[in-house]
Amino acid sequence: MLPSGLPNIVGDDEEITRFLTQSSHYNSAMPKPAAFMPDPKSRNKSVFRCGADPERIRELWEKTTNFQQTLKAAAVCKTAEVRNAGVDVIASEPPDAHANIEGWPWLVNDPELQKAKQKEIAAVIAQKSALVML
Amino acid sequence: MRGSSAVSPEAQTVRFAVSAVVERAERSQALFGDKAAAISQLQAMAIECAEPGWDGDEASAINPLAVFVAENFVRALPNFIPLPEFAPEPDGSISLDWIPSRHRLFSISIGTNNRLAYAWLDGADKGHAVARFDGDRIPQRVVEGITSILSHGYASVRTA
């Protein structure tokens, strides 16, 4: 068990949540692929295990943000869908309920092909995600 | 004395020619206006993401060279392709997206060089590739890819 009380392993049925600070990361239909593209420094994508409850999303955001950005929306996806896209969700605390989407393709010799592969995965996750406006 | 309403054939030809020129000018003005508005939107996004950490995490600032290439890409888009939506990416690139529905999308990344990464979803079909952009002409494969995704009708879902 983790300090937050959550299990060490993120279950397939758990919903993971990506905080969105840019209105250009979603439209009226869905989150965009860019919302799930991995960070090149950490090589993963930071998410929280908090589902689609707006109150819980705001609570975790306020605990972890430096308040330089405004939280505008959140993209919520079942962990099983993320795994089906070819990447994994690994718990990473602290902070509480934090996890990372890991296992993205990295091709040192061809950064653009690497990016194209990542984009396809990000597009699949975005397609399977629900948008929560905050 | 009543004035004649008759128009000589020469005058008629001139009138038609002038009308055609005006119509072409109006059409190109409308198209230029749309592209200019899209480029303004792109520049506004770049300003908003000009500092690292714009995503609340570790995202890099949008690279000005990526903005320059993206502007050229928008200018080079054939007029029959709708203008894309823009989104910043954590490595400082810019994503150009055509999203007619949740099940069909085409997304291309523009960074600091002329090789562009792109991916698409089309129902159960999906894929990715890389194409080279010379700054003037959109690669044919990209044009075909976008056109294919939009071929079932493009109900724009732009938010801005």
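Chain order of the listed sequences is A and B. When we follow our numbering, the leftmost residue of the first sequence carries the number 6, and every step to the right adds one. When we follow our numbering, the leftmost residue of the second sequence carries the number 332, and every step to the right adds one. Built from N, CA and C at the ideal position, the CB exists for glycine as well. Quantities reported herein were computed from a predicted structural model and do not represent experimental measurements.
Would you say residue i touches the ligand GTP, meaning its beta carbon is less than 7 Å from a heavy atom?
| i | result |
| --- | --- |
| Leu452(B) | Questions concerning the ligand GTP fall outside what the structure shown contains, since it holds no ligand whatsoever. |
I need the DSSP call for residue i, collapsed to helix, strand or coil.
| i | result |
| --- | --- |
| His459(B) | strand |
| Trp66(A) | helix |
| Met35(A) | coil |
| Ser371(B) | helix |
| Phe53(A) | strand |
| Phe399(B) | helix |
| Asp386(B) | coil |
| Leu118(A) | helix |
| Phe72(A) | coil |
| Leu11(A) | coil |
| Ala392(B) | coil |
For residue i, count neighbouring Cβ atoms within 10 angstroms of its own Cβ and tell me buried if that reaches 16, exposed if not.
| i | result |
| --- | --- |
| Lys68(A) | exposed |
| Ser426(B) | buried |
| Asp467(B) | exposed |
| Gly16(A) | exposed |
| Met376(B) | buried |
DSSP has residue i in a bridge; who is on the other side?
| i | result |
| --- | --- |
| Ile425(B) | Pro419(B), Ile441(B) |
| Asp17(A) | The partner list for Asp17(A) (beta bridge, DSSP) is empty, contrary to what the question assumes. |
| Ala450(B) | Ser438(B), His459(B) |
| Cys142(A) | No statement about residue 142(A) is possible, as the shown extent of chain A runs from 6 to 139 and does not include it. |
| Glu107(A) | Asp93(A) |
| Leu136(A) | Ala80(A) |
| Ser275(B) | Look at the range of chain B in this structure, 332 to 491, and you will see that residue 275(B) is not part of it. |
Within its chain, find whatever has a CB closer than 8 Å to the CB of residue i; leave out the 5 residues flanking it on each side and keep chain order.
| i | result |
| --- | --- |
| Asn105(A) | Ser47, Asn49, Lys50, Ser51, Val52, Val94, Ile95, Ser97 |
Who are the Cβ neighbours of residue i in its own chain at under 7 Å, not counting the five residues just before and after it?
| i | result |
| --- | --- |
| Val92(A) | Ile106, Glu107, Gly108, Trp109, Ile126 |
| Leu28(A) | As written in the sequence, residue 28(A) is Ser, which differs from the Leu given in the question. Lys77. |
| Glu19(A) | Arg54, Thr84 |
| Pro415(B) | Leu427, Asp428, Trp429 |
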